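These notes concern the structure reproduced below.
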């Protein structure tokens with residue numbers, strides 16, 4: 001169980017590194033007027049998205065594996081259901097990042113850097129929520 005937990009935390013950190021950095025690339029892309037810079041940032045965004053997507057999948061698989069070790073407890077734990085709701089939101093956030101990556105690489109993105117600056121802060125809120133729920137286990 002401790003190995004599962006350790007690996008789960010490691011892959012959560014890896015996934016979040018991508019969720020923090022990818023929207024920052026979007027900010028730089030939207031703020032740049034230089035076509036060469038924008039092209040390079042589009043490539044970076046595409047590669048980073050492809051790199052961190054497996055971390056998301058591994059994080060989810062390890063979380064489910066941990067749940068399976070004591071399914072009765074976890075299914076009854078209200079804190080876990082809230083945590084899973086947060087994780088579900090982050091999966092949709094990740095997918096939305098993929099949509100933005102696609103649009104950026106097609107040169108069809110219309111969002112400005114201010115939009116992406118706010119978009120960039122979303123995973124921070126969910127990181128706080130999820131960690132607090134996982135550590136304090138309220139309810």
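In my numbering, the protein residues as written are 1 to 139.
The C-beta atom is built at its ideal place from N, Cα and C for all residues, glycine as well.
Small disclaimer: the values here were computed from a predicted structure and weren't measured.
Requested in this report: Pull up the distance between the alpha-carbon of residue 17 and that of residue 113, whole angstroms please.
Outcome: Taking the first residue of the chain shown as position 1, residue 17 is located at position 17. Taking the first residue of the chain shown as position 1, residue 113 is located at position 113. Answer to the nearest angstrom: the Cα atoms are 20 Å apart.
Problem set entry | Nearest neighbour of residue 119, chosen from 133, 108, 96, 131 [CA to CA] | By one-based count along the chain shown, residue 119 stands at place 119. Comparing Cα-Cα distances from residue 119 to each of 133, 108, 96, 131, the minimum goes to 96.
Original post:
Of the choices 39, 94, 134, whose alpha-carbon is the least far from that of residue 54?
Top reply: Translated into positions along the chain shown, residue 54 becomes position 54. That would be 94, whose Cα lies nearest to the Cα of residue 54.
**Prompt:** Taking buried to mean at least 16 other C-beta atoms within 10 Å of its own C-beta, is residue 73 buried or exposed?
**Reply:** The sequence position of residue 73 within the chain shown is 73, counting from 1. Per the 10 Å Cβ criterion, exposed.
Cβ shell of residue 69 (< 7 Å), same chain only, five flanking positions each side left out:
Stepping through the chain shown from its first residue, residue 69 is reached at position 69. Counting only Cβ-Cβ distances below 7 Å, and skipping sequence neighbours, we find 1.
Would you say residue 14 lies against chain B (beta-carbon separation less than 8 Å)? Of the chains in the structure shown, none is chain B; there is only one protein chain.
- Message: Is the beta carbon of residue 105 closer than 8 Å to that of residue 24?
- Response: The residue you call residue 24 lines up with position 24 of the chain shown. The residue you call residue 105 lines up with position 105 of the chain shown. Against a cut-off of 8 Å, the Cβ pair of residue 105 and residue 24 comes out as no contact.
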